[in-house]
Structures are given as structure tokens and as C-alpha cells.
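Numbers given in our numbering equal positions in the sequence shown, counted from 1, plus 1202.
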Amino acid sequence: REVKDHLNYEHRVFNSEEFLKTRAIGDQPFYKKVNSVLLDLMFPTPRRLTIEKMASKRVSAVRKASRRMVISMPNLQDIKLPEGPSRNSSLRKVERAVGKGTLGWTKTLLTPSKSITTFKIPEIHFPLLFQCVHSYYTDFFNHLSKAISALPPENSALLARYFYLRGLVSLMQGKLLNALSDFQNLEKTDLRIFPTDLVRKIVETLPRSERLQADRKPELKRLISRVMEKQREVLKMDDHVKNFELPRTHMQLDDFVKRIQESGIVRDIDTIHRLFDALTVGQQKQIDPETFRDFYNYWKETEAEAQEVNLPPAVIEHLDKNECVYKLSCSVKTNYGVGKIALTQKRLFLFRDIEEVKSTTVAFLLLRIPTLRIKTLSKKEVFEANLKTECDLWYLIVKEMWAGKKMAYDHKDPQYIQQALTNVLLMDAVVGALQSSKSIYAASKLSYFDRMKNEVPMMVPKTTSETLKHKINPSAGETFPQAIDVLLYTPGHLDPSERLDNAHPKLWCALNEGKVVVFDASTWSIQQHCFKMGRSKL
């Protein structure tokens, strides 16, 4: 059952190493053997240890023995479909003929003879200015159009090459519909060189206005439908589960996004882009395997440590049942005594109403000790913690959580707190992975809400603030925001004493591409994160 906690549904990746750490040593050979068998399971959202479970865990401490739970944090997984297997964009055989400005195809693909057909492309004899390049593509397009007009229909193989080349020229001109029309002509001339992947990418990047134009043309509509359906078949066939592996080569941004999403650390593309900027501070915009490994290991170790937090009963009494501890400091001296300060998803060091945060120093003998000061609305006394080397990091953490919490209250959207929590956990992992003088500056790249609060304050109109009771975000957990096509409310029982199993009222949200998210309308929590109904809009 716990296998599900280590599965990534969208990328079909199983983190076998982390799963094996949770098994008893004597059972590990058995699970290693099982791991070689194809896995095909459903993946629920994993959960951290709540305060309620932590309290019950104290009663049965025997279970703590050798188990080391390392699971992904809530709402931090990726949701992104994997790309299908790559294929050549063309099956044609190309050879460059000797001489300036010529492009030749070997006739072996066209006819059994060995003769060569040569098409003379316009010569390049101008500076690389926009107007000159634009004129060149226009001339190129016209040359190809004349060649196509001069060829008889029975010479379909050569016509196909001209259509292919003219489609590429139209693509360079930004005329996407013209390019699709030429590629569509390949179906009538030579389907062997039809560039399926290229056409699919063109379709995916079509502006809405051009997509509507394409849908009004029967030939293009059929082309788009067939290409996208073929892509779905490829994705459906590639349904095996692979083991998650750390990268072995340097990663550019796109590869890094895919790796982070496969690892289950975070799914939101904008957040991953900020993480990429943080890990590449002061160097080329690529990440080496060692840096990724250090970041990943630190993240998992921090999760494991948080799972084993053993809070005193006096502290547990002050926390809500569903609170989870995400980070603990080292033992520090505060004006309340010596101890550790903790971060949960609902509060900071047990303070709910922070008014001001400062990073300063206090004198101790001949030393200046870095200190964090937190002023709250409810107490006149200022809280101080001598955090020493951790002070700068905790200063970033508190400010980001404070900004996220303020935004959540202003907009009546608890998802902002969850996103702020994601940001601070990533900050912590960045500092732990880099271990350099630039690590704090790098971590500050992830201070999204604090930066928004200072640079672009988002004011909520008074009427909106008074009317809005609770804001929900059906796109939470998606790689990017999704439009809502349909809303459906199904009534039920709000009173727990009256309700039967699963009889709460629900709000069904139909997103793009056939995805549906279901909310429990009694608590406005997500009941069913996302299930697919194909790609048809509902």
C-alpha cells in the first residue's frame, strides 16, 4: 500500500530507492525483486505526519523502530504528461550538391534511376537585417511556388519535397496556417516524409484566432485531429513505469524542469524556473549532476527528519490536529529560554499575528551574535532568537511565510500559504545544497510573495473583500493555470450527523483538455484532485 507514496503518476516514475529505505532490512531483497516487475498503480496525494498522528505515535513508540518515512510533501507534486518517443521529422534523404546556392535530393527515393533533381535556392548576398531576411524568405517561397506549378501531378514524390520545403519557409515567416497547408499536401503526395512531431508542435502553438481559422477548413481540421489523436495513442502506449534516477549529465532549463517534476518535489513550472535561477547563481545557466544530487538528497533528508519530530505533549496541546512540522531549528537561546523553533503550515514559532520581522545582532562579551526579532500585534514583548549561522535563512523563511499568509487572508485563498510553504522549503534545500557564501542570496530568488508584497502590492477592492468568503483554485497543483469550462454543483448534507458516506455537497470543475477537479463544498477542500475524461471539453 505504501508503494503509492513513492509513485509519480504523470511521469510514471517510481522512486524505488526511497521506498526501500522504509522497509525492514530483512525484507529489502524481496522488494528489490518485486521492483523488477512492471508496476501500474494509482497514486494518491501523500501526507505528512499530522499533530494528531504524532500524538498517537507517542503512545506506540515501538513502530518508530527502523522505519524511515521519506515521502513527498503535500501539493508539491508535478502534473505534466510525458512527451512521446522522439522520431525523425523527415524520412527523406538529403545531399548537398556541389556549387553555391543549390540543394539536391538523391533520386533514389523518387525513382529507380540514379539521376538527381536539383532545385536552385535564392542566393544569399545581403546583410542579415530583418527586412533583407524577410525579403529572402518571400523570394524563396515564390521560387518554390513556381516550381510546384511547373510540375505535373504525376510527379508526386518531387512535389512532396517542394511542399515540405515550402512549409518550412512558411514556418520561418511565422505563417503557421500556410505551413500546415503545405504539410497537409504531403498526404496526397508522399506520406513517408510527413513531419508528425513538427506539425503537432505547430498545432500546440497556434494562437486561438488561427486555430479557429484552421477549424473552419475541413482539410486542416482533419489534419489537426489526426495528428493530436496519434500523439494520444503514443502516450497511451508508453504506459510503463520506470525507476527514478538522478541525472548524470548537465541540465539546461527544460531538462531540469522535467527532472524536478519526475522527482515529485514540485510541479509548478514558474516555481521550478525560480529554483533553476537560485541553483545557477554566479555560474552558467546549467546545473551539473552533483548540484542536483546534493539538492535532492538534502530535500529528502529534511523530509525524513521532519517525519521523526517528537514534540513534547505541552507543545502538541497548542497545535491543531492537522498541523505538520516542516522545519526545526537547531537548539537556540530565546527570551523564552533555550529550545528549538518550529515551522508548521499554519504558524511561525506559535505566532499567528506577526507585525514586524528584523534580522539584527546582539552583543555577547566581544562577539556580535546574529539574532531574529519578531514583533506581534497581541504582545508588547518582542520575541528574540539567537539563531547564529541560521539567522539569515530563518529571516527569509519568516518573511516569505508572513507575506504568503497576509496574501491568503486578503484574497481569502489558503493556497497562497501552501505555495509560500513550498517556497521556504525550497530555500532551505538550496542553502543546504550550495553551502557557499552565495547560498542566502540564491535562496532569496525563491522569495516570491515577499517580493510581491514589496514591489507590486496586490490591493483587494473593498467590495470584493467584503463579499468574498472563500476563494478556491482548481488549478492548484497543475503545471500552469487552467481555464474553467464548466462548473457543476451537486447538493448534499452539510451536517455531519445527517450525512451518509460521501454525501457532502460537491463542486465539480471541468478544466481544459478534459480534466475534472472535485471540491467538497462543505469544507472547500479538494476531494478528488484530478481525473481525466480524455481531451474533449465538457
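The C-beta atom is built at its ideal place from N, Cα and C for all residues, glycine as well.
Practice item. Count the other CB atoms, across all protein chains shown, that sit within 10 Å of the CB of residue 1498; report buried if there are 16 or more and exposed otherwise. Key: Walking along the sequence shown from the start, residue 1498 turns up at place 296. The residue in question, residue 1498, is buried, as its Cβ has 16 or more Cβ neighbours within 10 Å.
Practice item. Note down, in chain order, each residue of its chain lying with its Cβ closer than 6 angstroms to the Cβ of residue 1418, except the 5 sequence neighbours on either side. Key: Translated into the one-based positions of the sequence shown, residue 1418 becomes position 216. Once the five neighbours on either side are set aside, residue 1418 has no close Cβ partner at all.
Review point. Under the rule that 16 or more other beta-carbon atoms within 10 Å means buried, what is residue 1688, buried or exposed?
Key: For the purposes of this step, residue 1688 is taken as the residue at position 486 of the sequence shown. Exposed is the call here.
Check your understanding: Is it buried or exposed for residue 1512, if we count other Cβ within 10 angstroms and need 16 for buried?
Key -> Counting from one through the sequence shown, the residue named residue 1512 turns up at place 310. It counts as exposed.
Check your understanding: Going by other Cβ atoms of all chains shown within 10 Å of its Cβ, with 16 needed for buried, is residue 1527 buried or exposed?
Key -> Locating residue 1527 in the sequence shown gives position 325, counting from the first residue. Residue 1527 is buried by the Cβ-count criterion.
Exercise for review: Compute the Euclidean distance between the alpha carbons of residue 1582 and residue 1556, then round it to the nearest angstrom.
Suggested key: On the sequence shown, position 380 is the one that residue 1582 refers to. On the sequence shown, position 354 is the one that residue 1556 refers to. Spanning the two alpha carbons is a distance of roughly 12 angstroms.
Review point. Is residue 1714 helix, strand or coil when you go by DSSP?
Key: If you number the sequence shown from 1, residue 1714 lands on position 512. If DSSP states are grouped into helix, strand and coil, residue 1714 belongs with the helices.
Check your understanding: Between the C-alpha atoms of residue 1339 and residue 1718, what's the straight-line distance to the nearest angstrom?
Key -> In the sequence shown, residue 1339 corresponds to position 137, counting from 1. In the sequence shown, residue 1718 corresponds to position 516, counting from 1. Taking the straight line joining both Cα atoms gives about 45 angstroms.
Point to revise | Beta-carbon separation (whole angstroms), residue 1635 vs residue 1500, contact threshold 8 angstroms | key: Within the sequence shown, the letter at position 433 stands for residue 1635. Within the sequence shown, the letter at position 298 stands for residue 1500. With 8 angstroms as the limit, residue 1635 and residue 1500 qualify as a contact, their Cβ atoms being about 5 angstroms apart.
Check your understanding: Does DSSP put residue 1537 in a helix, a strand or coil?
Key -> One-based indexing of the sequence shown puts residue 1537 at position 335. Three-state result, residue 1537: coil.
Review point. For residue 1516, does the count of other Cβ atoms within 10 angstroms reach 16, so buried, or fall short, so exposed?
Key: Translated into the one-based positions of the sequence shown, residue 1516 becomes position 314. By the 10 Å Cβ count, residue 1516 comes out exposed.
Check your understanding: Hey, how far is the Cα of residue 1455 from the Cα of residue 1467?
Key -> Here residue 1455 corresponds to residue number 253 of the sequence shown, with the count starting at 1. Here residue 1467 corresponds to residue number 265 of the sequence shown, with the count starting at 1. Looking at the two C-alpha atoms, the distance is approximately 16 angstroms.
Check your understanding: Between residue 1646 and residue 1617, what straight-line distance do the alpha-carbon atoms span, to the nearest angstrom?
Key -> In the sequence shown, residue 1646 corresponds to position 444, counting from 1. In the sequence shown, residue 1617 corresponds to position 415, counting from 1. About 21 angstroms.
Practice item. Mind listing, in chain order, the continuous beta strand (DSSP E) runs of no fewer than 3 residues lying wholly within the region 1642-1705? Key: 1686-1692
Practice item. May I ask you to report which of helix, strand or coil DSSP gives residue 1313? Key: Sequence index remark: in the sequence shown, residue 1313 carries index 111 (1-based). Note that residue 1313 has pLDDT 42, beneath the 50 cutoff, so the model's placement of it is unreliable and the number below is only indicative. Residue state, collapsed to three classes: coil.
Exercise for review: Using beta-carbon positions only, say whether residue 1593 and residue 1561 come within less than 7 angstroms of one another.
Suggested key: Within the sequence shown, numbered from 1, the residue matching residue 1593 stands at position 391. Within the sequence shown, numbered from 1, the residue matching residue 1561 stands at position 359. It is a contact, given that the beta carbons lie within the stated cut-off.
Practice item. Could you tell me the distance, in whole angstroms, from the CA atom of residue 1672 to the CA atom of residue 1346? Key: The residue given as residue 1672 occupies position 470 in the sequence shown. The residue given as residue 1346 occupies position 144 in the sequence shown. Rounded to whole angstroms, residue 1672 to residue 1346 spans 60 angstroms at the Cα level.
Practice item. Please confirm if the region 1325-1335 is in contact with the region 1350-1362, defined as three or more CB-CB distances below 8 angstroms between the two stretches. Key: no
**Study point:** Closest residue to residue 1667 among 1486, 1573, 1611, 1391 (Cα-Cα distance)
**Key:** The sequence position of residue 1667 within the sequence shown is 465, counting from 1. Checking every option, the nearest Cα to that of residue 1667 belongs to 1611.
Practice item. Indicate whether residue 1605 and residue 1651 have their beta-carbon atoms separated by less than 7 angstroms. Key: In the sequence shown, residue 1605 corresponds to position 403, counting from 1. In the sequence shown, residue 1651 corresponds to position 449, counting from 1. Yes. Within cutoff.
Review point. Residue 1395 to residue 1626, Cα distance in whole Å?
Key: Counted from its first residue, the sequence shown places residue 1395 at position 193. Counted from its first residue, the sequence shown places residue 1626 at position 424. C-alpha separation (whole angstroms): 50 angstroms.
**Study point:** Spatial distance of residue 1676 from residue 1722 (CA atoms)
**Key:** Along the sequence shown, read from residue 1 onward, the residue named residue 1676 stands at position 474. Along the sequence shown, read from residue 1 onward, the residue named residue 1722 stands at position 520. Between residue 1676 and residue 1722, the C-alpha separation is close to 12 angstroms.
Check your understanding: Of the choices 1458, 1470, 1416, whose alpha-carbon is the least far from that of residue 1490?
Key -> Here residue 1490 corresponds to residue number 288 of the sequence shown, with the count starting at 1. Nearest C-alpha to residue 1490: 1458.
Point to revise | For residue 1582, three-class secondary structure by DSSP | key: The sequence position of residue 1582 within the sequence shown is 380, counting from 1. DSSP places residue 1582 in coil when its eight states are reduced to three.
Practice item. Decide if the region 1405-1422 is in contact with the region 1360-1373; the criterion is three or more beta carbon pairs, one per stretch, under 8 angstroms apart. Key: No, the region 1405-1422 is not in contact with the region 1360-1373.
Exercise for review: Can you check DSSP and say which residues form a bridge with residue 1558?
Suggested key: If you number the sequence shown from 1, residue 1558 lands on position 356. Answer is 1577, bridged to residue 1558.
Check your understanding: On the three-state DSSP scale, how would you describe residue 1417?
Key -> If you number the sequence shown from 1, residue 1417 lands on position 215. Helix.
Review point. In chain order, what residues of the same chain lie with their CB nearer than 6 angstroms to the CB of residue 1535, ignoring the 5 residues before and after it?
Key: The residue you call residue 1535 lines up with position 333 of the sequence shown. Contacts found: 1588.
Check your understanding: With 16 other CB atoms within 10 Å as the buried threshold, where does residue 1678 fall?
Key -> Here residue 1678 is taken as the residue at index 476 of the sequence shown, counted from 1. Burial call: buried.
Point to revise | Beta-carbon gap between residue 1579 and residue 1633 smaller than 7 angstroms | key: As a position in the sequence shown, residue 1579 is number 377, starting the count at 1. As a position in the sequence shown, residue 1633 is number 431, starting the count at 1. Cβ atoms of residue 1579 and residue 1633: not closer than 7 angstroms.
Practice item. Determine which residues share a DSSP beta bridge with residue 1588 and list them. Key: By one-based count along the sequence shown, residue 1588 stands at place 386. Paired residues: 1535.
Check your understanding: Around the Cβ of residue 1574, are there at least 16 other Cβ atoms within 10 angstroms (buried) or fewer (exposed)?
Key -> The sequence position of residue 1574 within the sequence shown is 372, counting from 1. When all chains shown are included, residue 1574 counts as buried.
Check your understanding: What's the gap between the Cα of residue 1539 and the Cα of residue 1533?
Key -> Counted from its first residue, the sequence shown places residue 1539 at position 337. Counted from its first residue, the sequence shown places residue 1533 at position 331. Taking the straight line joining both Cα atoms gives about 10 angstroms.
Exercise for review: Count the other CB atoms, across all protein chains shown, that sit within 10 Å of the CB of residue 1531; report buried if there are 16 or more and exposed otherwise.
Suggested key: As a position in the sequence shown, residue 1531 is number 329, starting the count at 1. Buried is the call here.
Check your understanding: What is the DSSP secondary structure of residue 1386, counted as helix, strand or coil?
Key -> Here residue 1386 is taken as the residue at index 184 of the sequence shown, counted from 1. Here residue 1386 sits in helix by DSSP.
Point to revise | N- and C-terminal bounds of the beta strand (DSSP E) containing residue 1544 | key: The residue given as residue 1544 occupies position 342 in the sequence shown. Taken as a continuous stretch (DSSP letters only), the beta strand (DSSP E) holding residue 1544 covers 1544-1546.
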